[in-house]
Amino acid sequence: MIKLGIIGCGAIGTSIATAVDRGEVKNCQLVSVFDIDKKQADKLLSKLSARPKVAKTFEEFLKIDSDLIAECASQQALKQFAERVLKSGRDMQVMSEGAFLDNEFSKRIMKVVSETGKKMHLPSGAIGGLDVMKAAARSGLTNVKLVTRKPPDSLGGKSKRVKTVFEGSAEEAVRLLPRNINIAATLSLAGIGGKKTKVKVISDPTIKHIIHRLEVSGKFGRMTLTLYNLPHPDNPKTSALAVYSAIVTLQQLCSPDVRIGT
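Just so you know, my numbering puts the end of the sequence shown at 293, numbered straight through with nothing missing.
Rendered as structure tokens:
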């Protein structure tokens, strides 16, 4: 039985917790949750039949026996807590992949991973094609471009017209839009890095889906992939698919079964 702790009790953390609570993740027990906003943690707890411990501080959270920690909070939280989690002897499942495009943090965390032998697992999130990206990178990628169109409320705005809110590198995108475009970091890590990966983000009041169009080319050939994702009902900034991806990754980590596409 894998003992799971969750950092961040918002939409993603709550969805993971309820999936575990309902028995959808075999061989997994939720033992602890932590959020800097204790009201969020208490709200999550009210939705569960089981009763994991709610830590009031991160120090208390680390003292609770667990095997795997799921980060569902923010880039800032990951930077603040990841090293201490790994050094405490736990593996991590990470949702705030954008933090890895911070070179200083990435170097520090890779050093800790090397020293501890612990692992960090990054779900594919709200995008597809990562298996192709990783394989194609072996022969050389020449172009990776992500064009994302979101309803204004997914970007925290109320624009009544279509407008480009960002265009530049993935590295810049995850810094300026840390809660909106973590998939740009995922693509960068699988492909040609945050500086070379191009990102364009468009606010579009005419759509209800979060639309990601991925264009990749290199020595392998070309790939074009378009996803029409529905926003998560409890958090319009997050695609529902990102939550499903997190749950499937956790299922794989807790299961001895054959894994597909990993």
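The beta carbon of each residue, even a glycine, is placed where N, CA and C say it ideally should be.
By the Cβ-count criterion, serine 97 is buried, with 16 or more other Cβ atoms from all chains shown falling within 10 Å of its own Cβ.
Runs of the alpha helix (DSSP H) spanning 4 or more residues and lying entirely within the stretch 44-94 occur at 69-76 and 89-94, in chain order. One Cα belongs to alanine 216, the other to leucine 132, and the distance between them is close to 7 Å.
Under DSSP, asparagine 266 shares a beta bridge with His263. Membership of valine 175 in the beta strand (DSSP E) is indicated by the continuous run 172-181. Looking at the backbone, the Cα of proline 264 and that of serine 46 are separated by about 11 Å. Inter-residue distance for methionine 164 and glutamate 246 is about 10 Å (C-alpha atoms, whole angstroms). Contact between leucine 79 and aspartate 52 holds: CB atoms are separated by about 5 Å, below the 8 Å threshold. By the criterion of at least three beta-carbon pairs nearer than 8 Å, the stretch 269-287 is in contact with the stretch 154-168.
In the three-state DSSP reduction, alanine 168 falls in the coil class, being neither helix nor strand.
Cβ atoms of glycine 129 and proline 209 come within 8 Å of each other, at about 6 Å. A distance of 8 Å or more separates the beta carbons of threonine 173 and glycine 225. Straight-line spacing of the CA atoms in alanine 113 and serine 127 works out to 11 Å. Of the other Cβ atoms in all chains shown, 16 or more fall within 10 Å of the Cβ of threonine 228; this residue is therefore buried. The Cβ atoms of glycine 39 and glutamate 91 do not sit closer than 8 Å to each other. Non-local C-beta neighbours of isoleucine 214 in its own chain, meaning closer than 6 Å and more than five positions away in sequence, comprise Gly156, Ala157 and Ile158, ordered along the chain. Between the alpha carbons of asparagine 211 and methionine 123 lies a gap of roughly 21 Å. Counting C-beta pairs closer than 8 Å gives three or more between the stretch 232-241 and the stretch 180-199, which meets the contact rule. For alanine 221 and isoleucine 95, the gap between their C-alpha atoms comes out near 33 Å. The alpha-carbon separation between glutamate 146 and arginine 206 amounts to approximately 28 Å.
In the three-state reduction of the DSSP assignment, arginine 253 falls in the strand class. Within the same chain, Val178 and Thr257 come within 6 Å of arginine 244 by CB-CB distance, once the 5 residues on both sides are set aside. Per the C-alpha coordinates, the member of Lys118, Val125 and Ser119 positioned closest to glutamine 106 is Val125. In the displayed model, serine 137 falls within a helix according to three-state DSSP. A distance below 8 Å separates the beta carbons of asparagine 58 and serine 286. Judged by their CB atoms, threonine 49 and proline 154 are not nearer to each other than the 8 Å cut-off. The Cβ-Cβ distance between leucine 99 and isoleucine 43 does not fall below 8 Å.
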